[in-house]
Every structure is written in C-alpha cells, then in structure tokens.
Amino acid sequence: MLHKGHKALLRKAFEVGDLVVIGLTTDEFVAEMGKPHEVASYRERLEELLAFICDEGNLHRVEVIAINDPFGPAIWDGGFEAIVVSEETAPRAEQLNALRARKGLRPLEVIVIPMVLAEDGKPISTTRIRAGEIDREGRLLKQPS
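Below, the structure is given as structure tokens:
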C-alpha cells in the first residue's frame, strides 16, 4: 500500500539520484517478516509503484528489483552511491554500511528524510491505514461507534 510517506521517500530519491534502484520485497520475504497486517501481492505492489513513478514522470530513471532480504544488492554491489531512508529505517542503512565496509566497499551516503506525519502528529504507516485510523494521505478517519 503506497502512502504519503512512501511517496515522500521516492520523491527524495528521484530528487538526488539520476538512476533510482528500488528494492521491492518479494511475497516470500514479506511472509517471513510477519507483518501485523495484510500485505498486497508483489505484483499488485509493483503495479501501484510503477503507476506512481510513471505519474511522476520518472519511469525512464528507475529499476525495480525483487529483494529477499533486508539489504538487497546494495550489500555487495559497489555501484550504489547513496540510500534514501526514513528516520525509522536509518539504523538499517548504518548496518548496511558496516556490512559493505567488511566487504571492502565504500559506504553509501545515507539520506534520511523525516517521518511524514498524519493529522494527529503521529507517523503515517501502513499498519495505521489498515487499522482504519488514517487514510493514505494521513487524514484521520472516524472510528466506528
């Protein structure tokens, strides 16, 4: 489920990068992650992602790859220069750089964007959207009586 927070992350990546490589988790990896909510299939998520990228005019600047682990090819591919992450996922980028260093690869520039907040000042998340608290834009939804 692509929401306002994801879109902010993607827009930043296209702002700073010429070619943007997006790792999209496979259905198998999603199952291993044990998310507390339903997650759309890889195909559905890919279609939604590509539609957004196309709407933004960036289809010619993107490569979407299926990933089965938290780091994807950035852990072994020396061609990557930077990674755009949210405040929530910044520690994972630091772990990635430590693993890259052990392999003799230069560290990635870590570009951290602030969490995108909903109307109530709390971060927008798929979990909150699936729970019916907010919509994809962070607007509060009325709770059922």
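As numbered in my numbering, residues 4 to 148 make up the sequence shown, in order.
Just so you know, even glycine gets a beta-carbon here, dropped at the ideal spot from N, CA and C.
Hey, how far is the Cα of residue i from the Cα of residue j?
i: Glu31; j: Arg133; result: 20 Å
i: Ala112; j: Phe17; result: The amino acid at residue 112 is misidentified as Ala; the sequence shows Glu. So the alpha carbons of these two residues sit roughly 15 Å apart.
i: Leu102; j: Arg95; result: 11 Å
i: Pro110; j: Val87; result: 13 Å
i: Lys106; j: Ala85; result: 17 Å
i: Leu139; j: Phe83; result: Contrary to the premise, residue 139 reads as Arg rather than Leu in this sequence. Near 30 Å, if we compare the C-alpha coordinates of Phe83 and Arg139.
i: Trp79; j: Glu97; result: 15 Å
i: Leu53; j: Met36; result: 23 Å
i: Val42; j: Val33; result: 8 Å
Run through DSSP, which three-state label would residue i get?
i: Arg37; result: Here residue 37 is Gly; the residue named in the question, Arg, does not match the sequence. Residue state, collapsed to three classes: coil.
i: Val19; result: helix
i: Leu27; result: strand
i: Ala11; result: helix
i: Ile114; result: strand
i: Ile137; result: strand
i: Leu102; result: helix
Output yes or no for whether 7 Å exceeds the beta carbon distance between residue i and residue j.
i: Leu99; j: Phe55; result: no
i: Thr29; j: Asn71; result: yes
i: Lys10; j: Ile116; result: no
i: Ala121; j: Gly141; result: yes
i: Gly75; j: Gly26; result: yes
Hey, out of the options, whose CA is closest to residue i's CA?
i: Gly81; options: Ala69, Ala104, Glu66, Thr92; result: Ala104
i: Asp21; options: Leu27, Leu62, Val119, Leu144; result: Leu62
i: Leu49; options: Leu143, Val65, Pro76; result: Val65
i: Gly8; options: Thr92, Val24, Lys145; result: Thr92
i: Ile68; options: Gly60, Gly37, Tyr45; result: Tyr45
i: Leu108; options: Leu52, Gly37, Ala77; result: Ala77
Completely contained beta strand (DSSP E) runs for the stretch 46-97, where each covers 3 or more residues: Whole beta strand (DSSP E) segments, 3+ residues: 65-70, 85-89.
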